[in-house]
Every structure is written in C-alpha cells, then in structure tokens.
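In what follows, a single structure is set out as structure tokens and then discussed.
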C-alpha cells in the first residue's frame with residue numbers, strides 16, 4: 023500500500039471552535055497592530071507639523087525684528103486674500119482700506135514705530 027487517500031474527516035466541535043477562536047484572535051491582533059502603527063504615524067505627523075510651525079514662527083519673528091516692513095507686506099497679502107474672497111462673493115460689498123487692514127499711504131504705523139525702535 024503506497025497511496026492512502028482520506029476523503030472524509032471530521033473534528034470535534036470543541037476543536038473546530040478552538041481553531042476558529044485562534045483565527046479570530048490572530049485577526050484581532052493584526053488589527054490592533056495596524057491601529058497602533060496608525061497612531062504612531064499620526065504622532066510623528068503631529069510632531070513634525072508642530073516643529074514646522076515653531077520654525078515658521080521663529081522665522082517670522084526674526085523677519086519682523088530685522089525688517090519692520092515685513093508686517094506691512096503681510097497686511098498687503100492679507101488684503102489681497104480678502105479681496106479675492108470678496109470678488110468671488112455673489113453679493114456686492116464695499117470695504118474701506120481700513121477694514122482691509124491697509125494703511126499703505128501712512129507710514130507712521132504703530133507697528134512700524136514699535137519695531138523700528140529696536
């Protein structure tokens with residue numbers, strides 16, 4: 023007798039339940055590992071984002087300290103952004119230069135005075 027073929031084999035319900043429980047436990051374990059990996063990636067993303075924001079704040083602070091005109095430039099950029107939003111709005115809206123945070127004619131800005139003394 024060289025070849026034997028088993029055509030019908032049954033296991034006890036307890037054994038089948040144990041095998042199924044083991045598979046479910048393995049799947050849950052893999053799912054938990056995936057969730058932990060996602061949390062670690064999110065943590066890294068948040069740390070990198072915070073570092074970038076801190077560096078940006080430091081650079082902006084240095085720019086303001088070294089060049090008071092930087093604030094005026096930022097005001098102009100903000101006004102351009104506001105103007106773009108208003109331009110796309112379906113309603114008509116009239117804003118003065120004061121409401122756009124612009125004082126491009128008057129150079130005696132409080133911020134400019136404050137930072138130019140340093």
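Residue numbers (my numbering): 23 to 140.
Heads up, the beta-carbon is just placed ideally off N, CA and C, and yes, glycines get one too.
Between which two residues does the alpha helix (DSSP H) carrying residue i extend?
i, result
"residue 24", "Element bounds for residue 24: n/a, residue is neither H nor E."
Can a CB atom of chain B be found closer than 8 Å to the CB of residue i?
i, result
"residue 72", "Going by chain labels, chain B is absent from the structure shown, which holds only one protein chain."
Reducing DSSP to helix, strand and coil, say where residue i ends up.
i, result
"residue 66", "helix"
"residue 92", "helix"
"residue 34", "coil"
"residue 87", "helix"
"residue 111", "coil"
"residue 56", "helix"
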